[in-house]
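Note sheet for the following structure.
Spelled out as structure tokens, the structure:
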């Protein structure tokens, strides 16, 4: 089973709202990732968790706050977002953080900030 | 610096035609991995293949085949007898070690393939 699930599928939020995106995998993977993808662009890496610890933060604004409660779950907490943050947010996981492991992606959450 | 170039932004083919998607990469690392992903309109990126820098053997999987040539830094993807379900954006990606225990995955800009019935 190479499934990564993400909830919700769609989210519309105002600039003053607080919401969270959730990602889950049960493949025993020890690395998890958040990507942001704008229309007609490739995914851009936001965060990497390796063995439940944040290992990479690609200079993401603090209005995005990741959390890894356990090895299967990854959350992305959203607060005071801007309209330009509207995008597809993809979660991915891989067996480990090294370069040889392919990443498996979830279906994404399509976020609209109004 | 790592770079992946997919020069073809959009390609349209008629069903049953063969189509090749080009990918050219740049890296100074001797150890690296190359990937292809498919992103259908639904949004999910689907892993297709991984190739490491020491394995130049070409690979075939059903209607899909990949040609890896280190001499030209290319990792091209061919779909034989294309089908409407192949319509998607295809991303080529390069993963290398970026230091301090971190690994960087660099995506190309993607090639949008439209297969017309």
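Chains as they are written, first to last, in the numbering used here: chain A, 1 to 114; chain B, 115 to 231.
Glycine included, each C-beta is placed from N, C-alpha and C at the ideal position.
The structure displayed is predicted, hence computed values, not measured ones.
{"Check": "Local Cβ density within 10 Å of residue 142 of chain B, reported as buried at 16 or more and exposed below that", "Outcome": "exposed"}
{"Check": "Within 8 Å of chain A by C-beta, residues of the region 138–169 of chain B in sequence order", "Outcome": "145, 146, 147, 149, 151, 156, 157, 158, 159, 160, 161, 164 and 166"}
{"Check": "Counterpart residues of residue 172 of chain B in DSSP-defined beta bridges", "Outcome": "In the DSSP output, where bridge partners are listed per residue, residue 172 of chain B has none listed."}
{"Check": "Residue 102 of chain A burial status per 10 Å Cβ neighbour count (16 or more: buried)", "Outcome": "buried"}
{"Check": "Inter-residue Cα distance where the pair is residue 128 of chain B and residue 196 of chain B", "Outcome": "8 Å"}
{"Check": "Own chain residues within Cβ distance below 6 Å of residue 160 of chain B, not counting five before or after", "Outcome": "152"}
{"Check": "Closest residue to residue 198 of chain B among B/121, B/133 and B/123 (Cα-Cα distance)", "Outcome": "B/133"}
{"Check": "Under the three-state DSSP convention, the category residue 71 of chain A falls into", "Outcome": "coil"}
{"Check": "Span of the beta strand (DSSP E), counted from its first residue to its last, around residue 24 of chain A", "Outcome": "18–25"}
{"Check": "Cβ-based neighbour list, residue 140 of chain B, same chain, cut-off 6 Å, excluding 5 preceding and 5 following", "Outcome": "117"}
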